[in-house]
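Structure, as structure tokens:
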Amino acid sequence: MKSLAITIESVHKAYGSYVALDDVSLDIQAGEFLTLLGPSGSGKTTLLMALAGFVRPDSGKLFLGDRDITRLPPNKRDIGIVFQNYALFPHMNVLANVAYPLVLRKVPRAEARQRALDTLARVKLDGLAERNIAALSGGQRQRVALARAIVFEPRVMLMDEPLSALDKNLRETMQYEIRRLHDHLRITTIYVTHDQREALIMSDRIAVMNSGRIQQIDTPQRIYDRPSTRFVAEFMGEANIVAPGSARRIDGAEASHETLMIRAESFHLDAKLVGGDGVALEGILRTKAFRGENWLLTLALDGGQEVLVCIPAALAGGCAELAAGQRMTAYAPAAKVHAIPGATA
Amino acid sequence: MLEAYPQNRLARILLWSFAALVMAFLMLPTLVVVPLSFSASNLLEFPPHAYSLRWYENFFGSATWMAALRTSLILGTLTALIAVPFALLACISMNRLGGKTAAAIQSVLLTPSITPGILLAIGLFFVLAAQHLIGTLLGVLVGHVVLAVPVACIVLLPALARFDWNQVQAARSLGANWARAIGGIIVPQLRISLLSATLMAFLTSLDESVISIFIASGRNSTMPKLMFLSLRDQIDPTIAAISTLWTVIVVAVVLIVTLRQKS
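Just so you know, the sequences run in chain order P and U.
With our numbering applied, the first sequence corresponds to residues 1254 to 1598, in that order.
With our numbering applied, the second sequence corresponds to residues 35 to 297, in that order.
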């Protein structure tokens, strides 16, 4: 079955006075891996549930390919979903769980069994087909949920924070495995998470959501380096929002009059490593901490604003000698200095 | 330790004796009819002077009693078969709605269980009279279902509250319509609660006398109605034999169901 594009057209959803989705529009390409990223309450799960058919939008339309699915019941949408708590059926064994969507589609018994077994092998669960759900580890349950959602070759996959219950190591392994599975099957996938690292690692594109709106949608790199709002900048990592006037051009040219975003790891202590079109921030060193792979410095600018500066240990010659209270300058190359229109520091 | 032991043991003996006393108090009124039923006398006398099975013969030989037994078993079965699915669907919707709407529906559904039986019977009498259902089995059945639904709801509501609703959503997304999601996912997992609810609904009907007295005609009297009337009209130990049998049946059903749940 061919995977399909998704179109979300001005979808609005309110619960009483609480607006969960505020005029959300989004185009997802066929075969794309798109992540909805945002804090809890940002509307990302509501949007996912609207696509699944469990939340009916107050207004707006949803399309799968060119078919309007806004009012289609969930069982007719042909969408595979992996739930946060997996939602496996405890009264069925692993094989019966995975074969369930095939049984519903009246696939002959022997074929359903074979396809379920093949899918279990694909998620590396061979040999566990007859196990009870209660006898599985968290990671194995996650794989069963994944197998059950892909076995019927849905045209779209929805995943609602599927890795949040796993420990860190397993989570990282599964991030790569899910992505590899997607590269193999090429099912259009919408993935919900509040973990920005997970979003950066897995996605073709990321849609950052806050208060029911999509703040920005772009590739992971552009979302990280070129955030369009202060919220996106700060949600994606250690971001310094620098007021106009605090930064001067290294070559003495007139500085930008806009609010700038500079990530902590973009700084250098040596002006020679930064071009003349880069910026310099001057201030007093407040604190410094050695974190193994890097040094983290806090710099108090003359305007009073504090800036985080992260220097890789390999390039940190001289960091050890710096003393709190001393005056110092941090430099950032022009490519890493990003103006955020309309933002204030 | 040694000094504390006898004191401790005394407390335990006292506790067990008290518990046994309470149990005996609960059981005695039921058990006292058992010897009466085996009496050879024409009167209810305790303790009996001679023993016989004549009152059991009397019961099984009586067309009236047999008809009433049949009516009660049919009514109980139908009541459970109607009330439990109805209660399950009602509980699912209350569980999904949540909040004040669910609380309002719940209080309406549970009303029959807190209304005095006589009032309910009088009310039902007028409603059923308007539908010309007085004296019919259907009329009594309606009354029993009204009583059994709250009983089944009380069993099913907490069971549904513990149920993970994501499973239903998962089933729906995998292609199940509502009927298949309820039948294939909810029902198998709530089977123990559903069995309890069925049993409770069955016993509610089996045990019900007031509505039966008001609504049922002579032709389709239920066991409790006939027992009540025969106590009023002619006191003989047949009633003790019936009570004993009745108790045995109910205890047997409850025991079987409870033991099956344990295994």
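C-beta: ideal position from N, C-alpha, C; glycine also.
* Asked: What distance in whole Å lies between the Cβ atoms of D1275 (chain P) and R1466 (chain P), which are believed to be in contact at a cut-off of 8 Å?
  -> 5 Å
* Indicate whether at least one CB of chain U lies closer than 7 Å to the CB of R1358 (chain P). => yes
* Asked: Which runs of the beta strand (DSSP E), 3 residues or longer, sit entirely within the segment 1443–1506 of chain P?
  -> 1458–1463, 1466–1471, 1492–1495 and 1500–1502
* Asked: Between which two residues does the alpha helix (DSSP H) harbouring R1375 (chain P) extend?
  -> R1362 to R1375
* How many angstroms separate the CA atom of I216 (chain U) from the CA atom of T292 (chain U)? -> 25 Å
* Asked: With 7 Å set as the bound, which would you pick, yes or no: does the beta-carbon of N211 (chain U) sit closer than that to a beta-carbon of chain P?
  -> yes
* Asked: Using the C-alpha atoms, what's the distance from L1290 (chain P) back to R1479 (chain P)?
  -> 16 Å
* State the start and end residues of the unbroken alpha helix (DSSP H) segment that holds E1425 (chain P). => K1421 to L1438
* Asked: Which residues bound the beta strand (DSSP E) around T170 (chain U)?
  -> Segment: none, T170 (chain U) is in no beta strand (DSSP E) and carries neither H nor E.
* What in chain C is Cβ-close to Q223 (chain U), meaning under 9 Å? -> This model lacks chain C altogether; the protein chains it does include are P and U.
* Taking only beta-carbon positions, decide if F1316 (chain P) is within less than 7 Å of chain U. => no
* Below 7 Å between beta carbons: does that hold for S86 (chain U) and A74 (chain U)? -> yes
* To do: Specify the secondary structure class of E1383 (chain P) as computed by DSSP and reduced to three states.
  => coil
* Quickly, what does DSSP pair S1312 (chain P) with across the bridge? List them, please. => P:H1265
* Asked: Per the contact definition of three or more C-beta pairs closer than 8 Å, is the segment 1405–1424 of chain P in contact with the segment 1297–1308 of chain P?
  -> yes
* Asked: Which residues in the same chain have their Cβ closer than 7 Å to the Cβ of G177 (chain U), if we skip the five residues on either side of it in sequence?
  -> L158, I245 and I249
* **When P:T1512, P:A1363, P:V1351 and P:Y1429 are compared against G1498 (chain P), the one with the closest alpha-carbon** => P:T1512
* Anyone know if the C-beta pair for S106 (chain U) and W89 (chain U) falls short of 7 Å? -> no
* Proximal residues of chain P, C-beta to C-beta of S230 (chain U) below 7 Å -> Simply none; closest approach about 18 Å.
* To do: In angstroms with no decimal places, state the Cα-to-Cα distance between H1521 (chain P) and A1418 (chain P).
  => 38 Å
* Through-space distance from R1309 (chain P) to A1258 (chain P), alpha-carbon basis -> 20 Å
* Asked: According to DSSP, is R1408 (chain P) helix, strand or coil?
  -> coil
* Asked: So what does W1548 (chain P) bridge to, in DSSP terms?
  -> P:F1543 and P:I1564
* Asked: Is there at least one Cβ from chain U nearer than 7 Å to Y1353 (chain P)'s Cβ?
  -> yes
* To do: Would you mind working out which of P:S1464, P:Y1444 and P:M1514 sits nearest Y1477 (chain P), comparing C-alpha positions?
  => P:M1514
* Residue of P:L1438, P:A1460, P:T1441 and P:R1439 minimising C-alpha distance to D1448 (chain P) -> P:A1460
* Asked: In chain order, which beta strand (DSSP E) runs of at least 3 residues are fully inside the segment 184–262 of chain U?
  -> none
* To do: On a CA-only basis, which of U:I220, U:P192, U:A286 and U:P184 is nearest F120 (chain U)? Give me that one, please.
  => U:P184
* **Endpoints, the beta strand (DSSP E) within which I1334 (chain P) is located** => I1332 to V1335
* To do: Flag Q1469 (chain P) as yes if its beta-carbon sits less than 7 Å from any beta-carbon of chain U, otherwise no.
  => no
* Asked: Counting contacts by CB-CB distance shorter than 7 Å, is N129 (chain U) in contact with chain P?
  -> no
* **Exposed unless 16 or more other CB atoms sit within 10 angstroms - verdict on Y1429 (chain P)** => exposed
* **Y90 (chain U), enclosing beta strand (DSSP E) - first and last residue** => Taken as a continuous stretch (DSSP letters only), Y90 (chain U) belongs to no beta strand (DSSP E), being part of the alpha helix (DSSP H) at R88 to G95.
* **Residue range of the unbroken alpha helix (DSSP H) whose run includes V1277 (chain P)** => Note, V1277 (chain P): premise wrong, no alpha helix (DSSP H); beta strand (DSSP E) at Y1271 to I1281.
* Since I220 (chain U) meets chain P, which of its residues come closer than 8 Å, beta carbon to beta carbon? -> Under the 8 Å cutoff, chain P gives no residues; its nearest Cβ is about 10 Å from I220 (chain U).
* Asked: Using Cβ-Cβ distances below 9 Å, what residues of the segment 1369–1402 of chain P are close to chain U?
  -> A1398, R1401 and A1402
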